[in-house]
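S.K.: So the protein lines, in turn, are chains P and F.
My numbering puts the first residue of the first sequence at 1, with every later residue one more than the last.
My numbering puts the first residue of the second sequence at 145, with every later residue one more than the last.
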Amino acid sequence: MTSASITHDLYFAHPPERVWRALTDREAIARWLMPNDFEPRVGHHFTFQTTPMPALNFDGVCHAEVTACEPPRLLAYTWVGGALHTLVTYCLEPEGDGTRLHFEHSGFDLSDPIQQASYRGLQGWNPSLDVALRREVDALAAEV
Amino acid sequence: MQDDQQPEVFAAIAHPMRRRMLDLLAERERPVHDLARHFGVSRPAVSQHLRILLTAGLVEEQRRGRERVYRLTPQPLAQIHTWLAHYERFWPQRLQRLGDYLDAEEAEEEHS
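Printed below as a string of C-alpha cells:
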C-alpha cells in the first residue's frame, strides 16, 4: 500500500468561520467538491454524486454520515462507496489572519464494513513489514 | 478478478496476522510449517487464515509431496491501490478549488 490515509496541510488567507462555511454550506460544497445534501449536524446521512467506476464495482454514489461537527474547528464524515469505507476529516486552526486546514482521508486499509467494529484494533499496517508486498502491488498497478 | 471478490479482499487484509503472512509470502513461496514458525499460534489457526487468503484470491496453494506450499497472488490488492490512487489525485484538485472558491467569494463581496 502507498499509505493508509491521504493527508493535506493547507493555509487559506481567510478566517476559520469563512472556511467553515465553505465546508458546511450545501451550495458552497457543490461549488468546490460535489453536488450533495449535506447538513452540519452529527448523525446526518447524506450522499455525494461522484463518477461511477465500474472496474471497482462502484456506482458513483458516496454515502456519508457526519460523525463530528464542532464549528469552526472540526468536521468529519464517513465516506462509503463500493467496498470502500473511509473517513474524511477537516481540522481548522486560526493562523495569523487566516486558517490552517489539516485534511485527512483515512481508512483505506480496513474498508470492509464487517471489520468496522474492530477499527481500533486494526490501526496501522506496519510499514516496516510490507515493503515486499508494496513492491508487488506497485508493480501490478503500473501494469493496469 | 471478479468484482464480487473485493469485499473478501478487504476482509482478508484487515487482520494483522494475515497481512504479515502476505508479507512473508511476498518474499518467497513457503510451506505451512515455515509460515507457522513466525506466529505463536497453532497450525490449524495458521491454516484457517491461509484459507481466508485463498478464498480472497490472494494466495495459491500447491501440494508438494506431504506438504502444501503457498505463493502470493497479489492481483486483487491492485484494486485497493486503485482506490487510493484515485483519491490521491482527487483531493489536491478539490482542495485547490476550495481555496479558489474562498478567494472568489471574498472578491465578490468587495465588489458589491
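Beta carbons are placed, not taken as given, at the ideal position from N, Cα and C, and that holds for glycine.
Computed from a predicted model, the values in this text were never measured in an experiment.
Name the chain P residues whose beta carbon is nearer than 7 Å to that of residue 231/F?
M.R.: Within the second sequence, the letter at position 87 stands for residue 231/F. Neighbours of residue 231/F on chain P, chain order: 6, 105.
S.K.: Determine the closest residue to residue 71/P out of 80/P, 91/P, 12/P, 82/P, with distance taken between C-alpha atoms.
M.R.: For the purposes of this step, residue 71/P is identified with residue 71 of the first sequence, where counting begins at 1. Among 80/P, 91/P, 12/P, 82/P, the Cα nearest to that of residue 71/P is on 91/P.
S.K.: Is the beta carbon of residue 104/P sitting closer than 8 Å to the one on residue 5/P?
M.R.: As a first step, residue 104/P must be located in the first sequence, where it is residue number 104. As a first step, residue 5/P must be located in the first sequence, where it is residue number 5. Yes; because the gap between Cβ atoms is below 8 Å, this pair is in contact.
S.K.: Kindly confirm or deny that the region 233-251 of chain F and the region 188-201 of chain F touch, where touching means at least three C-beta pairs closer than 8 Å.
M.R.: No: fewer than three Cβ pairs fall under 8 Å.
S.K.: Can you tell me which residues form a DSSP beta bridge with residue 191/F?
M.R.: Taking the first residue of the second sequence as position 1, residue 191/F is located at position 47. Paired residue(s): none; residue 191/F is not in a bridge.
S.K.: Return the first residue and the last residue of the beta strand (DSSP E) that residue 215/F is part of.
M.R.: Your numbering for residue 215/F matches position 71 in the second sequence. Element bounds for residue 215/F: 211-216.
S.K.: Span of the alpha helix (DSSP H) holding residue 23/P?
M.R.: Locating residue 23/P in the first sequence gives position 23, where the first residue counts as 1. Note, residue 23/P: alpha helix (DSSP H), 16-24.
S.K.: Can you tell me which of the three DSSP states residue 165/F falls into?
M.R.: The count along the second sequence starts at 1 and reaches residue 165/F at position 21. DSSP places residue 165/F in helix when its eight states are reduced to three.
S.K.: What is the rounded straight-line gap between the Cα of residue 39/P and the Cα of residue 62/P?
M.R.: Working through the first sequence from its first residue, we reach residue 39/P at position 39. Working through the first sequence from its first residue, we reach residue 62/P at position 62. Near 15 Å, if we compare the C-alpha coordinates of residue 62/P and residue 39/P.
S.K.: Can you give the Cα-Cα distance for residue 17/P and residue 250/F, rounded to whole angstroms?
M.R.: Start at 1 with the first residue of the first sequence, and residue 17/P comes out as number 17. Start at 1 with the first residue of the second sequence, and residue 250/F comes out as number 106. So the alpha carbons of these two residues sit roughly 13 Å apart.
S.K.: Between the region 233-245 of chain F and chain P, which residues of the former have CB atoms less than 8 Å from a CB of the latter, in chain order?
M.R.: Within the region 233-245 of chain F, the residues whose Cβ lies closer than 8 Å to some Cβ of chain P are 235, 236, 238, 239, 241, 242, 243, 244, 245, listed in chain order.
S.K.: Whose C-beta lies closer than 7 Å to the C-beta of residue 168/F among residues of the same chain, with five residues either side of it excluded?
M.R.: One-based indexing of the second sequence puts residue 168/F at position 24. So the list reads 174, 179, 182, once near-sequence residues are dropped.
S.K.: Tell me whether residue 111/P is buried or exposed, calling it buried when 16 or more other Cβ atoms sit within 10 Å of its Cβ.
M.R.: Your numbering for residue 111/P matches position 111 in the first sequence. For residue 111/P, the pLDDT reaches just 39, beneath the cut-off of 50, and the residue's location in the model is therefore unreliable, although a value from the coordinates is still provided. It counts as buried.
S.K.: Which residues in the same chain as residue 19/P place their Cβ atom closer than 8 Å to its Cβ, once the five residues preceding and following it in sequence are excluded?
M.R.: Translated into the one-based positions of the first sequence, residue 19/P becomes position 19. Counting only Cβ-Cβ distances below 8 Å, and skipping sequence neighbours, we find 12, 72, 92, 99, 101.
S.K.: Could you tell me which of 256/F, 216/F, 198/F, 166/F sits nearest to residue 152/F, measuring between CA atoms?
M.R.: In the second sequence, residue 152/F corresponds to position 8, counting from 1. Among 256/F, 216/F, 198/F, 166/F, the Cα nearest to that of residue 152/F belongs to 198/F.
S.K.: So if I threshold CB-CB distances at 7 Å, which residues from the region 8-37 of chain P count as touching chain F?
M.R.: Cβ contacts with chain F: 8, 10, 12, 14, 18, 19, 22, 28, 31, 32, 33.
S.K.: Quick check on DSSP: helix, strand or coil for residue 45/P?
M.R.: Locating residue 45/P in the first sequence gives position 45, counting from the first residue. In this structure, residue 45/P counts as strand in the three-state DSSP scheme.
S.K.: Can the beta-carbon of residue 51/P be found closer than 8 Å to that of residue 43/P?
M.R.: To locate residue 51/P, count along the first sequence from 1; it is residue 51. To locate residue 43/P, count along the first sequence from 1; it is residue 43. Result no, Cβ atoms of residue 51/P and residue 43/P do not sit closer than 8 Å.
S.K.: Quick check: what's the CA-CA separation for residue 244/F versus residue 89/P?
M.R.: Numbered from 1 along the second sequence, position 100 holds the residue referred to as residue 244/F. Numbered from 1 along the first sequence, position 89 holds the residue referred to as residue 89/P. Roughly 20 Å between the two C-alpha positions.
S.K.: Whole angstroms are fine: how far does the CA of residue 97/P sit from the CA of residue 200/F?
M.R.: If you number the second sequence from 1, residue 200/F lands on position 56. If you number the first sequence from 1, residue 97/P lands on position 97. Going by the C-alpha atoms only, they are around 52 Å apart.
S.K.: Does residue 250/F get closer than 8 Å to chain P when you measure Cβ to Cβ?
M.R.: The residue you call residue 250/F lines up with position 106 of the second sequence. Yes, because at least one Cβ of chain P sits closer than 8 Å to the Cβ of residue 250/F.
S.K.: Please determine, among 80/P, 57/P, 49/P, the residue with the shortest C-alpha to C-alpha distance to residue 67/P.
M.R.: For this step, residue 67/P is matched to residue 67 along the first sequence. Among 80/P, 57/P, 49/P, the Cα nearest to that of residue 67/P is on 80/P.
S.K.: In chain order, what residues of the same chain have a beta carbon less than 8 Å from the beta carbon of residue 9/P, not counting five sequence neighbours either side?
M.R.: Translated into positions along the first sequence, residue 9/P becomes position 9. So the list reads 100, 101, 102, 103, once near-sequence residues are dropped.
S.K.: With DSSP collapsed to three states, give me the class of residue 220/F.
M.R.: The count along the second sequence starts at 1 and reaches residue 220/F at position 76. Coil, per DSSP.
S.K.: Please report the Cβ distance between residue 202/F and residue 217/F, rounded to the nearest whole angstrom; I am assuming they are in contact, meaning their Cβ atoms lie under 8 Å.
M.R.: By one-based count along the second sequence, residue 202/F stands at place 58. By one-based count along the second sequence, residue 217/F stands at place 73. Yes, residue 202/F and residue 217/F are in contact; Cβ-Cβ is about 6 Å, under 8 Å.
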